[in-house]
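Worksheet: the structure to be examined is printed underneath.
Shown next, in the form of structure tokens:
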């Protein structure tokens with residue numbers, strides 16, 4: 078880390094203190110859970126560099142998650158978390174796997190937590206207390222509801238993010254939720270964050286920390302295919318576009334990704350699933366799960382196989398700030414340098 082004003086570094090540590098204490102790491106920077114990308118190599122690298130890595134469980138079976146957690150533990154002694162999708166049909170089995178491995182933080186994504194899931198995650202273990210629960214809050218009303226439900230921290234993620242997104246910008250969510258809720262529980266801000274100056278801004282507003290995903294895709298430790306990384310390095314913010322819902326009968330959470338032939342394929346997939354919903358072949362829950370399986374397969378083709386034409390190129394609008402492949406430690410150091418300078422200027 079380059080030399081920065083001591084006042085800036087000291088102030089940055091003060092601003093991060095609540096987040097780092099909650100996460101048990103050195104810097105209050107979570108890595109967003111990106112299917113096929115946020116696996117043992119990237120997750121352990123982020124935790125080893127002082128951040129907080131998060132495994133993306135996605136559509137994994139309990140056995141696969143068990144192996145992934147074990148593999149991550151073999152690469153780092155630092156804390157990391159696991160992101161679970163609330164609509165996963167084996168959610169409670171996945172929670173049990175996390176408990177078996179004494180995972181300290183579980184992130185629930187994709188909707189409101191099902192009945193009993195928060196309690197299951199927080200249930201006492203042989204070693205003492207259960208895990209801490211982090212949930213996504215796309216609106217102030219939901220943030221308050223989740224707090225009443227017993228969650229330990231929130232992530233507020235704006236529409237600039239990659240992957241599944243909500244309709245509101247990060248800056249608006251931050252202004253709506255942080256002044257009201259930041260004193261109540263730790264809140265991490267996500268969506269479109271690519272530089273340390275923005276991290277400093279949200280910390281000064283009361284955030285406990287931040288979550289970044291797109292910024293880490295081209296890390297040296299990321300297993301993403303060279304073609305996938307190359308597409309990121311060439312892209313700009315305007316190329317990361319949100320998918321469009323074509324049938325109001327089939328609620329589909331928009332997904333932000335780099336535009337390619339796969340964008341059109343998703344339109345066709347929506348029509349197919351809507352027709353199966355109309356015919357009675359699928360109920361609404363199964364239809365939505367079908368869409369999620371589609372994204373998982375399309376994303377794998379892009380990330381693992383390098384099919385950047387028809388695969389899903391999920392990326393946030395901060396993709397234009399990803400300009401080179403570099404180690405995780407260098408990315409985090411750069412972000413902290415920028416944040417320290419920004420904080421010093423704010424004083």
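In the working numbering, the protein residues as written are 78 to 424. C-beta atoms are modelled at their ideal positions from N, C-alpha and C, and glycine is treated no differently.
Where residue i sits in the DSSP three-state scheme
| i | result |
| --- | --- |
| residue 407 | helix |
| residue 78 | Low confidence applies here, because residue 78 scores a pLDDT of 48, under 50, leaving its location unreliable; read the following figure in that light. Note: residue 78 maps to coil in three-state DSSP. |
| residue 134 | coil |
| residue 300 | coil |
| residue 167 | coil |
| residue 413 | helix |
| residue 145 | helix |
| residue 88 | helix |
| residue 268 | coil |
| residue 103 | coil |
| residue 312 | coil |
| residue 230 | strand |
| residue 251 | helix |
| residue 94 | helix |
| residue 174 | helix |
| residue 420 | helix |
| residue 317 | strand |
Opening and closing residue of the alpha helix (DSSP H) in which residue i lies
| i | result |
| --- | --- |
| residue 118 | 117 to 125 |
| residue 209 | That residue, residue 209, is in no alpha helix (DSSP H); its beta strand (DSSP E) goes 209 to 213. |
| residue 437 | As displayed, the chain neither begins before 78 nor continues past 424, which places residue 437 out of reach and without an answer. |
| residue 262 | Taken as a continuous stretch (DSSP letters only), residue 262 belongs to no alpha helix (DSSP H), as it is neither H nor E. |
| residue 203 | Careful: residue 203 lies outside any alpha helix (DSSP H) and carries neither H nor E. |
| residue 277 | 273 to 281 |
Environment of residue i [buried if 16+ CB atoms lie within 10 Å]
| i | result |
| --- | --- |
| residue 413 | buried |
| residue 256 | exposed |
| residue 341 | exposed |
| residue 321 | exposed |
| residue 218 | exposed |
| residue 155 | buried |
| residue 296 | buried |
| residue 306 | buried |
| residue 313 | exposed |
| residue 328 | exposed |
| residue 241 | buried |
| residue 401 | exposed |
| residue 225 | exposed |
| residue 338 | exposed |
| residue 104 | buried |
| residue 209 | buried |
First and last residue of the uninterrupted beta strand (DSSP E) at residue i
| i | result |
| --- | --- |
| residue 159 | 158 to 162 |
| residue 182 | 182 to 186 |
| residue 114 | Segment: none, residue 114 is in no beta strand (DSSP E) and carries neither H nor E. |
| residue 289 | 286 to 289 |
Cβ shell of residue i (< 8 Å), same chain only, five flanking positions each side left out
| i | result |
| --- | --- |
| residue 211 | 158, 182, 183, 184, 185, 228, 229, 230, 231, 232 and 265 |
| residue 377 | 112, 113 and 388 |
| residue 174 | 139, 142, 143 and 146 |
Chain B contact for residue i (CB, 8 Å cutoff)
| i | result |
| --- | --- |
| residue 267 | Considering every chain present, this structure includes no chain B. It has just one protein chain. |
Cβ-based neighbour list, residue i, same chain, cut-off 6 Å, excluding 5 preceding and 5 following
| i | result |
| --- | --- |
| residue 170 | 139 |
| residue 129 | 100, 102 and 107 |
| residue 319 | 331 and 333 |
| residue 291 | 239, 392, 393, 395 and 396 |
| residue 136 | 373 |
Distance cut-off 7 Å: residue i Cβ against heavy atoms of the ligand HEM
| i | result |
| --- | --- |
| residue 206 | No copy of the ligand HEM occurs in the structure displayed, which carries no ligand at all. |
Chain-order list of residues whose beta-carbon lies under 7 Å from that of residue i (same chain, five-residue window excluded)
| i | result |
| --- | --- |
| residue 415 | 272, 273 and 274 |
| residue 366 | 164 |
| residue 188 | 163 and 164 |
**Item:** 3-residue-minimum beta strand (DSSP E) runs that sit fully inside the stretch 320 to 406, ordered along the chain
**Value:** 332 to 335, all fully within the stretch 320 to 406.
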